[in-house]
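Chemist:
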Amino acid sequence: MDNIALQNTHIKKASGDRVKQILAFADFAASPFGSEEYTLINYGVEGTDFTRDDKGNPALTKQGTQDVSVPWKFAASAVPAIFSADSDQSVRHVHEAFSKMIPTMEPDPTLRYSSPTWDSKGSGSLATLKGDALKDIVAGRKPMSAYDQLVKDYLAKGGEQARGEFEEAVQKGKK
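Just so we're aligned, residue 670 is where the sequence shown starts under our numbering, counting upward by one.
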């Protein structure tokens, strides 16, 4: 699943022709699972970047692991698909788990609003701070009690300011 966070892609104002060109590219990048376009984006060129196993499933070659590691494929993505060439049981297990979890999800209330602090730090320094600290806790390099300090640091380094900006944007209806 490429777009697991279901994020948005933004484009700047441009001429109508340029916007159409960018949207055509996004449409290509979001080609559905199993299509020729999806296979090209995710596995590359058959014979060079991937081969097929005895069931017809694509398997990346050494060259393919390098060729398909490109950032532009994340500009848009297909609806996530659960697929494993190796394990039908794993696919069923993940599907069952998602079937239980997805109905309990809550939409992110900030998605329609903007925060200058979040725009500059949210997926950068704040995400790194949080990700690194959580990995240290999960891996046992730091005790669970380090989580309290993580929260304090996260809020002090921009999380609290971003929250205030989002709350203000919601109150003003400013998107």
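Note that CB positions come from ideal geometry on N, CA and C, so glycine has one too.
1) CB-CB under 7 Å to residue 685, same chain, minus the five flanking residues each way: which ones, in chain order?
2) Counting only runs that start and end within the region 676-720, where is the alpha helix (DSSP H) found for 4 or more residues in a row?
3) Tell me which residues share the same chain as residue 838 and place their Cβ nearer than 8 Å to its Cβ, disregarding the 5 neighbours each side in the sequence.
4) Evaluate contact between the region 799-806 and the region 741-750, counting only Cβ atoms and requiring at least three cross-stretch pairs below 8 Å.
5) Residue 727 by DSSP, collapsed to three states: which one?
6) First and last residue of the alpha helix (DSSP H) that includes residue 785?
7) Within a Cβ cutoff of 7 Å, which residues of the same chain sit near residue 786, ignoring the five residues on either side of it in sequence?
8) Within 10 angstroms of its Cβ, does residue 733 collect 16 or more other Cβ (buried), or is it exposed?
9) Quick one: any contact between the region 703-712 and the region 758-772, if contact means 3 or more CB pairs under 8 Å?
10) Output the distance between the C-alpha atoms of residue 822 and residue 800, rounded to the nearest integer angstrom.
11) Looking at the secondary structure, which residues open and close the alpha helix (DSSP H) in which residue 800 lies?
12) Do you know offhand how far residue 701's Cα is from residue 817's?
13) Quick one: what does DSSP say residue 736 is sitting in, helix, strand or coil?
Modeler: In short, the structure shows the following:
1) Looking up residue 685 in the sequence shown gives position 16. None.
2) You should have 685-698, 705-712.
3) As a first step, residue 838 must be located in the sequence shown, where it is residue number 169. Hits under 8 Å: 782, 783, 784, 844.
4) Flag = no, the region 799-806 and the region 741-750 do not touch.
5) Counting from one through the sequence shown, the residue named residue 727 turns up at place 58. Reduced to three states, the DSSP call for residue 727 is strand.
6) As a working note, residue 785 is residue 116 in the sequence shown. Note, residue 785: alpha helix (DSSP H), 785-790.
7) For the purposes of this step, residue 786 is identified with residue 117 of the sequence shown, where counting begins at 1. If the five residues before and after residue 786 are omitted, its C-beta is found closer than 7 Å to the C-beta atoms of 827, 830, 831, 834, all from its own chain and listed in chain order.
8) On the sequence shown, position 64 is the one that residue 733 refers to. Buried.
9) They do not touch, by the three-pair rule.
10) To locate residue 822, count along the sequence shown from 1; it is residue 153. To locate residue 800, count along the sequence shown from 1; it is residue 131. The C-alpha of residue 800 is placed about 13 Å away from the C-alpha of residue 822.
11) Within the sequence shown, the letter at position 131 stands for residue 800. Its alpha helix (DSSP H) spans residues 794-807.
12) Stepping through the sequence shown from its first residue, residue 701 is reached at position 32. Stepping through the sequence shown from its first residue, residue 817 is reached at position 148. Inter-residue distance for residue 701 and residue 817 is about 42 Å (C-alpha atoms, whole angstroms).
13) On the sequence shown, residue 736 is found 67 positions in, with the first residue counted as 1. In the structure shown, residue 736 sits in a helix (DSSP, three-state: H, G or I).
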